[in-house]
Amino acid sequence: MGILNVTPDSFSDGGEYSQDAAHARLAELAADGAAIVDIGAESTRPGAEAVPGQEQLRRLAPLLETLQSHPVPLSIDTSSAQVAGVALDAGAVLVNDVRAGLGDPDMLPLVGERGAAICLTHMRGTPADMQDDPRYEDVVGEVEDFLAARRAAALDAGVAAERILIDPGIGFGKTLEHNLSLLSAIGRFAAVAPVVVGVSRKGMFGQLLDRDVTERLGGSLSAALAAVGRGASIVRAHDVRETADALRTWRAIGDAARGHG
């Protein structure tokens, strides 16, 4: 899953892509190996404030107007049912909701009615306050229970079971230790539903490796491979070519090992 943010303030690529540049970036992500591209118009970096639906739609308009011509399926990264509805009308196939349907009571019914897919993410608090001293008694168990409950809510709202994805929310209200514990337990989440993992350029690598946001590719690739090896189905990444190459190489080595019995 390639990432394309049409925002002025995203932590890694904020302000970088708009209008013509966004269309060019979509084509580039597809050529680099993205199977789906996640477009968003509201930053969910730590400390970010909520963006009204109308402003999200204004930022997204140049992409949504030509959605059918894009080379790969698109996901809409939003917690607004208003924004999700417009994007689904335009041809998006997945809603990536970091608030797991809790930010807008119309979100899950909308996805169910449209026959779309949804990714439900665990987040403690909101982007504005999620990193203010996050605490858990049992981070893996609590995140697992939350995601199972949100999956059940989606089913109750009419979303098809095979169209529900879950994301443990690396960096969304977690310390470095919490993130590492969650990544080591991906198999438990995969028993609930297919898992999306977003570790690309995250702050955990700044803490773990003392690397600036522009220097976190090595950590991002290592964490992505570890997650896939533990059962993750989708990797959300900024550096699509490098991530796709790493995954293809990892898979080829595994295939060769199985071929040798």
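Take the sequence shown: its position 234, counted from the start at 1, is 445 in this note's numbering, and no numbers get skipped. Heads up, the beta-carbon is just placed ideally off N, CA and C, and yes, glycines get one too.
Item checked: Beta-carbon spacing of residue 305, residue 247 below 8 Å -> Cβ atoms of residue 305 and residue 247: closer than 8 Å.
Notebook entry, point to check: Buried or exposed: which applies to residue 426, given that a residue is buried once 16 or more other Cβ atoms fall within 10 Å of its Cβ?
Noted result: Exposed, because fewer than 16 other Cβ atoms sit within 10 Å of the Cβ of residue 426.
Next item on the list: Could you name the residues of the same chain whose beta carbon sits closer than 7 Å to that of residue 325, not counting the 5 residues immediately before and after it, in chain order?
Entry: The residues are 299.
Checklist line | Through-space distance from residue 397 to residue 469, alpha-carbon basis | finding: If you take the alpha carbons of residue 469 and residue 397, they lie about 23 Å apart.
Margin query: Between which residues of its own chain and residue 293 is the CB-CB distance below 6 Å, once the five residues before and five after are set aside?
Written below: By the criterion of a C-beta distance shorter than 6 Å, residue 293 is surrounded in its chain by 264, once the five residues flanking it on both sides are discounted.
Next item on the list: Write down the C-beta distance between residue 372 and residue 401 rounded to the nearest angstrom, noting that I regard them as a contact closer than 8 Å.
Entry: In fact, because the Cβ distance is near 14 Å, the residues do not count as touching under 8 Å.
Checklist line | Candidates 240, 216, 404, of which the one nearest residue 272 by Cα | finding: Ranking the options by Cα distance to residue 272, first place goes to 216.
Next item on the list: Identify whether residue 220 lies in helix, strand or coil by the three-state DSSP scheme.
Entry: Because the pLDDT of residue 220 is 47, which lies under 50, any placement of that residue in the model is unreliable, and the question is left without a value.
Notebook entry, point to check: So which of 239, 445, 419, 308 has the shortest CA-CA distance to residue 390?
Noted result: Comparing Cα positions, the closest option is 419.
Checklist line | Span separating the alpha-carbon of residue 313 from that of residue 335 | finding: In this model, residue 313 and residue 335 are separated by some 12 Å (Cα to Cα).
Item checked: Three-state secondary structure assigned by DSSP to residue 397 -> Three-state result, residue 397: helix.
Margin query: Please report the straight-line C-alpha distance between residue 310 and residue 379, rounded to a whole angstrom.
Written below: Looking at the two C-alpha atoms, the distance is approximately 12 Å.
Check: Going by Cα to Cα distance, which pick from 282, 464, 361 is closest to residue 318?
Finding: Nearest of 282, 464, 361 to residue 318, Cα basis: 361.
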